[in-house]
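**Student:** Chains as they are written, first to last, in UniProt numbering: chain A, 1 to 355; chain B, 1 to 333; chain C, 1 to 258.
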Amino acid sequence: MSNASLTDKRPPSSLRGATLPKWFAWAVAAGAVLLGLGISFAAGLDSSIQWALIAAVLFVAGSYGISAKVEGPRQAKDRVATSLVWVAFLMAIVPLASLAWTTVKRGIKVFDGYFLTHSMGVVADTEPGGGIYHAILGTAEQVGLATLISVPIGVLTAIYLVEYGRGRLAQAVTFFVDVMTGIPSIVAGLFILSLWILILDMGYSGFAGSMALTILMIPVVVRSTEEMLKLVPNELREASLALGVPKWRTILKVVLPTSIGGITTGIMLAVARIAGETAPVLLLVWGANFINANPFKDPQASLPMYIYLQFTNSGGQGAAYDRAWAAALTLIAFIMILNLVARGIARWKAPKTGR
Amino acid sequence: MDTTTENPAAPPALQPAETDKGAARGASRPGDRVFIGLSRGSGIFVLVLMAAIAAFLTYRAVLALSKNEANFFTTMEWNPSGVPPQFGIAVLAFGTIVSSVIAMAIAVPIAVGIALFITHYAPRKLGGTIAYVIDLLAAVPSIVYGLWGALVLVPHLNGLYGWLDDYFGWTGLFAWDGGPARSLFTVGILLAIMILPIITNVSREVFRQVPRMHEEAALALGATRWEVIRMSVLPFGRSGIISASMLGLGRALGETMAVAMVLSPTFTIQASLLDAGGGTFAQNIASKFNEATEMGRDALIASGLVLFVITLLVNGAARLIIARRKEYSGANA
Amino acid sequence: MAKRIDVSGLNAYYGSFLAIEDISMTVEPRSVTAFIGPSGCGKSTFLRTLNRMHEVTPGGRVDGKVMLDDENLYGPGIDPVAVRREVGMVFQRPNPFPTMSVYDNVAAGLRLNGRYKKSQLDDIVEKSLKGANLWNEVKDRLNKPGSGLSGGQQQRLCIARAIAVEPNVLLMDEPCSALDPISTLAIEDLICELKERFTIVIVTHNMQQAARVSDRTAFFNLSAVGQPGKLIEIDETERIFSNPSVQATEDYISGRFG
């Protein structure tokens, strides 16, 4: 194998590959969409999913075909990869956009002050009217209680892992915290069901739901707090220890205040996550149409539970669906606001904790 | 870098010789003792909690299983309150696995694609925005996905189902009787959307960790962008993608409300994925719970125990892969 | 194979920051040209503009002309991927593909660029490894992962990988800075052999190394931190080290700063 025969394989001006212009990808995309629409009309397809799929296939195939002709097989493969990645991205955006759009469009119908301040007490599920006051109250109490229990446990566990834990125990805790993040919410619900309701015979209540939510919340709080504590530079701890400050005071007065912004963010994200949990609430809180302000006694309502009940008890009635969407809108708005505020705090605090 | 094992060498500044026991012994001040006790107690509480979950579920499950007059694993019937009580998880196991497999088949390639898009294709700002949007996708509660799936997705799938029936109906898998699209296949699609964020986020993190020098090595040889990804990014990220997928699988297996709202359940195993019917562990618990007797609840707990064990295995395996990979990449970095 | 590089009026940016300003020079074929200068003077950046690797870094942008014989690398219609195939590069830290064997590492570039018969590939891999003075050390473990070699061997493996595709120019970005003295010596010997076939440009922090291996030396400097790096002078290595025409060069070489 000589050099000469190697070089022979190259075109005369090897640097100047035939390249398609920059707008090529856009042109193919536009062509694919138009063709996809055209075919759908011609064949009388009504579903937007279908023409989008046709367009996606045409886009990928078109990019490959034309590029392989003009630029060669390597560039063509590169273009196929690029177009596949774009298609993947669009396929993820479409459901999100549809979900957001539908929730707002259909939720806004009955979403008003009345809806937020009234319960379903005297309204049949198939009739218009009523509201979600009792559900908001229930969610607030259940989530609040769960937060009250899981934050101290979660933060202390994280402190243990970062500041004290070495050895086997710490490894086991770390591993099981990770595994706990993956426990299906319905299993957490079943556990509390068997312990609290079936064995201790305590009856359905908001608090029973809170305990299940706690199981779901603890690992999230531990994880995020751990990350934040690890970001605190060791020099800070050493400086404090070197002054003769006991370790527990160092942690309370130096380590925690430094990372409090990040920890708050993590807790808020955890709250956002459990606020939408339905399965454990379904098993443990049972749901109610009336206002029950006492989370420790008798069934309560909750926002996600309300959506589920309106959906299942609708009897196909528009009024119940409208309420379900409006409640979904409320829930999503609450979660998104929590998310935004939490991220805002994270961004605002980030430079200080960073170095 | 957001997970797993406490590296023993990580914060060496904190009295390096201090072991777990030593910390307790060495701390003579009452304040330290109390604080260590509290924090270690919380850690132990987490372990006890996990043990308690397993123990109580098993206890109630055994109560139910001892009265069960049918084979728990093979029976295709759910009649725990009957005389004699007969119930089995064959249908649920089938439905859970099938819907999760469909979800993975759809979600993994798309999620890896999006992760690559964010890290290697999109301009930086756009990449950040998309990562944020994907996070939002993760924040949407499953009940809302369920509502959307039942009222928006299901009616939209009729066209696609017709297609699948026309072109692939001969396989039997994709034969469709024309009924509402409340089938395991639809459940799979919905689950795919729901597990997309976690797979995307973990893969993205892994792709971001690919050492720049490996990519530049490929670039300097005259590799196109795709060839760079194939030569250096994907081999480096393979175990990360696997564990990300398993985390997603864990979610898909245990998802309850969205499945309960979309699926129209029957206690049968059918050849066609597109015909309404079937069930999953979690969905069955949610749907049957309200009308269940005490025996019925224990039977549901028994099925929940199976789900618990499966998700435990899947998640544990995923975490172990991540932990192993981290040691490996840490040694090289 | 070797080609001449002719740079004129080249500026390179990171975002809006001008990293190197108005560089013009000629790199002779079949010779070694060394770039020296204090940290941050842009010599590595400049090196990376010679195979269009600079634009891979986010915000990286170049204007000016780089002629490879009679073709402008930054001219319209030039495919950067093809450029990098013609202008090979060896990096500061050895970077063999960790999941590939020694053999696959050397063959990686060839496999990208076309189909070869197994026997052809075997020949080229052997020839390239011999060219990198590595053959005798690895011929018995061609199928073991490349990351299992020592640092110096890995770097020579990277050189073998770069020369396997028969580039016209070989760029080396501080190829010895992560290596021990013995491995460094091996690489320096190798550079002297390779210049028979390739145009070689090497960035180095080590002035003795520049003096030992290069035929011509270019000195880069920057007036202050935050200011763009500039080419101060380029000349025969001997002249640069004995009797440079600019005072700053002499100050740098005699160790007064940098």
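Cβ atoms here follow ideal geometry from the backbone N, Cα and C, with glycine treated the same way.
#1: Mind the definition here: the segment 153-165 of chain C touches the segment 94-101 of chain C only if three or more C-beta pairs lie below 8 angstroms; say whether that holds.
#2: Return the CA-CA distance between S245(B) and K118(C), expressed in angstroms with no decimal places.
#3: So with CB distances below 8 angstroms, who are the chain C contacts of R124(B)?
#4: In three-state terms, what does DSSP make of K22(A)?
#5: Quick check on V83(C) - is its C-beta less than 8 angstroms from some C-beta in chain A?
#6: Using the Cα positions of T250(A) and I267(A), report the straight-line distance between them to the nearest angstrom.
#7: Measuring alpha carbon to alpha carbon, tell me which of G261(A), D322(A) and R74(A) ends up nearest T126(A).
#8: On a Cα-Cα basis, can you pick out the residue from F89(A), P95(A), A172(A) and I149(A) that is closest to T129(B)?
#9: Smallest Cα separation from T278(A): which of A282(B), R182(B) and T266(B)?
#10: What number of angstroms, rounded off, separates the C-alpha of T19(A) from the C-alpha of A342(A)?
#11: Straight-line CA distance for A301(A) to N201(B)?
#12: Please classify T3(B): is it buried, with 16 or more other beta-carbons within 10 angstroms of its beta-carbon, or exposed?
#13: Compute the minimum distance between the beta carbon of V173(A) and the heavy atoms of the ligand ATP, and state whether it is under 7 angstroms.
#14: Counting only beta-carbon atoms, is V7(C) nearer than 8 angstroms to chain A?
#15: Going along chain A in order, which residues have a C-beta closer than 9 angstroms to the C-beta of A105(B)?
#16: Roughly how many whole angstroms lie between the Cα atoms of I232(C) and N72(C)?
#17: Output yes or no for whether 8 angstroms exceeds the beta carbon distance between T117(A) and A328(A).
#18: Answer yes or no: does any C-beta atom of chain B fall closer than 8 angstroms to that of I337(A)?
#19: Using a Cβ cut-off of 8 angstroms (strictly closer), state whether N71(B) contacts chain A.
#20: Does DSSP put R208(B) in a helix, a strand or coil?
#21: With M100(C) and G59(C) assumed to form a contact (beta carbons below 8 angstroms), what rounded beta-carbon distance in angstroms separates them?
#22: Of all Cβ atoms in chain A, is any one closer than 8 angstroms to the Cβ of R208(B)?
#23: Express the C-alpha separation of I218(A) and A24(B) in angstroms, rounding to a whole number.
#24: With a cut-off of 8 angstroms, do at least 3 Cβ pairs link the segment 277-291 of chain A to the segment 192-200 of chain A?
#25: Per DSSP, what kind of secondary structure is residue 275(C) in: helix, strand or coil?
#26: Shortest alpha-carbon distance to A2(C) belongs to which of R48(C), I187(C), R141(C) and D70(C)?
#27: In chain B, which residues lie less than 8 angstroms from P304(A) when you measure between Cβ atoms?
#28: If you draw a straight line from the alpha carbon of N243(C) to that of L170(C), how long is it in whole angstroms?
#29: At a CB-CB cut-off below 7 angstroms, which residues of chain A make contact with I114(B)?
#30: With DSSP as the reference, please indicate the residues paired to I5(C) in a beta bridge.
#31: Is the beta carbon of R319(B) closer than 8 angstroms to that of V221(A)?
#32: Please compile the residues from chain A whose C-beta is within a distance smaller than 9 angstroms of the C-beta of R225(B).
#33: Mark K21(B) as exposed unless 16 or more other C-beta atoms lie within 10 angstroms of its C-beta, in which case mark it buried.
#34: Going by the beta-carbon positions, is the gap between E238(C) and V213(C) smaller than 8 angstroms?
#35: Based on the DSSP output, what are the partners of V203(C) in its beta bridges?
#36: In chain A, what lies closer than 8 angstroms to S39(B) by C-beta?
**Tutor:** Inspection of the coordinates gives the following:
#1: yes
#2: 36 angstroms
#3: P58
#4: coil
#5: yes
#6: 22 angstroms
#7: D322(A)
#8: F89(A)
#9: A282(B)
#10: 46 angstroms
#11: 33 angstroms
#12: Confidence at T3(B) is low in this model, with a pLDDT of 40, below 50, so its placement is unreliable and no value can be given for it.
#13: The ligand ATP is not among the ligands present in this structure, which contains no ligands whatsoever.
#14: no
#15: The contacting residues do not exist; A105(B) stays about 14 angstroms from chain A at best.
#16: 24 angstroms
#17: no
#18: no
#19: no
#20: helix
#21: Their Cβ separation, rounded to whole angstroms, is 31 angstroms, which puts M100(C) and G59(C) out of contact at 8 angstroms.
#22: no
#23: Unreliable placement is indicated for A24(B), whose pLDDT of 43 sits below 50; no coordinate value is reported for it.
#24: yes
#25: This structure cannot speak to residue 275(C), because chain C is shown only from 1 to 258.
#26: D70(C)
#27: P141, I143 and M257
#28: 28 angstroms
#29: A88, F89 and A92
#30: V27(C) and L68(C)
#31: no
#32: D78, A81 and T82
#33: The predicted position of K21(B) is uncertain, since its pLDDT is 42 and thus under 50; a value taken from the coordinates is nonetheless stated next. The residue in question, K21(B), is exposed, as its Cβ has fewer than 16 Cβ neighbours within 10 Å.
#34: no
#35: F35(C) and D173(C)
#36: L156, T157, I159, Y160, E163 and Y164
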